[in-house]
């Protein structure tokens, strides 16, 4: 069965520091990969996606993610975190033959001054 | 703003009652998906409609049902509500129904509280 793992439930970083949020998936073929962000009381906003091609994808708000097939990972990175980045981040996987997305359990990001 | 709208934003009701959540997809999108977000289950897929027809089913209870109308808006009906149905319900939309990678855009959600 497909699964998406976000091993870090909660991460705290200082403003201006770099950030990496981890995401691993379990699926036989190449999945379609997404990162969404959910601010408190808000919906899910798409940050970036990977379908094929260049394994380093750029998203909104200065985020990027790298697909590593050998590690079944799609980690999200940002070189310098802003206080407004505090939110919950969800990794999601789409697979051929299934119409829905499979979500990880999310990583809550706290940014301290 | 994703272009997906959901109403109402908040809903408070009692056990045993029935409620209807409404979703309007982005212009041009034919697929509508419903997800439930709860503290213990995370984000779970409930059901998908494509151009008026049910396309895929997930972990949707028999007490729950949905439909998509000719104007492509969708409604999720929750009946015989239980305390455990309290959750955030998201609607998402996409262009296609299946057959390849497609991006789902999410609405702001409806927070349901069952007392």
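Residue numbers (the working numbering), protein chains in the order written: chain A, 14 to 126; chain B, 44 to 158.
Every residue gets a Cβ at the ideal spot worked out from N, C-alpha and C, and that includes glycine.
This structure is a prediction, so every number in the text was calculated from the model and none was measured.
Q) Beta-carbon of residue 144 of chain B versus every beta-carbon of chain A: anything under 7 angstroms? A) Locating residue 144 of chain B in the second chain gives position 101, counting from the first residue. Closer than 7 angstroms to some Cβ of chain A, the Cβ of residue 144 of chain B qualifies, so yes.
**Q.** Distance, residue 89 of chain A Cα to residue 32 of chain A Cα
**A.** On the first chain, position 19 is the one that residue 32 of chain A refers to. On the first chain, position 76 is the one that residue 89 of chain A refers to. Rounded to the nearest angstrom, the two C-alpha atoms are 8 angstroms apart.
Q) Would residue 91 of chain A be called buried (16 or more neighbouring beta carbons within 10 Å of its own) or exposed? A) In the first chain, the residue the question calls residue 91 of chain A occupies position 78. Under this definition residue 91 of chain A is a buried residue.
Q. Who are residue 105 of chain A's beta bridge partners in DSSP?
A. Taking the first residue of the first chain as position 1, residue 105 of chain A is located at position 92. In the DSSP output, where bridge partners are listed per residue, residue 105 of chain A has A:47 and A:116.
Q | Nearest neighbour of residue 82 of chain B, chosen from B:148, B:143, B:129 and B:157 [CA to CA] | A | Residue mapping note: residue 82 of chain B aligns to position 39 of the second chain, counting from 1. Of B:148, B:143, B:129 and B:157, the residue nearest in Cα terms is B:129.
Q. Can you tell me whether residue 153 of chain B is buried or exposed, with buried defined as 16 or more other CB within 10 angstroms of its CB?
A. Here residue 153 of chain B is taken as the residue at index 110 of the second chain, counted from 1. Residue 153 of chain B comes out buried.
(Q) For residue 106 of chain B and residue 88 of chain B, what's the separation of their Cα atoms in angstroms? (A) Position 63 of the second chain, counted from the first residue, corresponds to residue 106 of chain B. Position 45 of the second chain, counted from the first residue, corresponds to residue 88 of chain B. Their Cα atoms are separated by approximately 15 angstroms.
Q. Of all Cβ atoms in chain A, is any one closer than 7 angstroms to the Cβ of residue 88 of chain B?
A. To locate residue 88 of chain B, count along the second chain from 1; it is residue 45. For residue 88 of chain B, the answer is yes, since a Cβ of chain A falls inside 7 angstroms of its Cβ.
**Q.** Chain-ordered neighbours of residue 98 of chain B on chain A, where CB pairs are closer than 8 angstroms
**A.** One-based indexing of the second chain puts residue 98 of chain B at position 55. Chain-ordered, the chain A residues with CB closer than 8 angstroms to the CB of residue 98 of chain B read 112.
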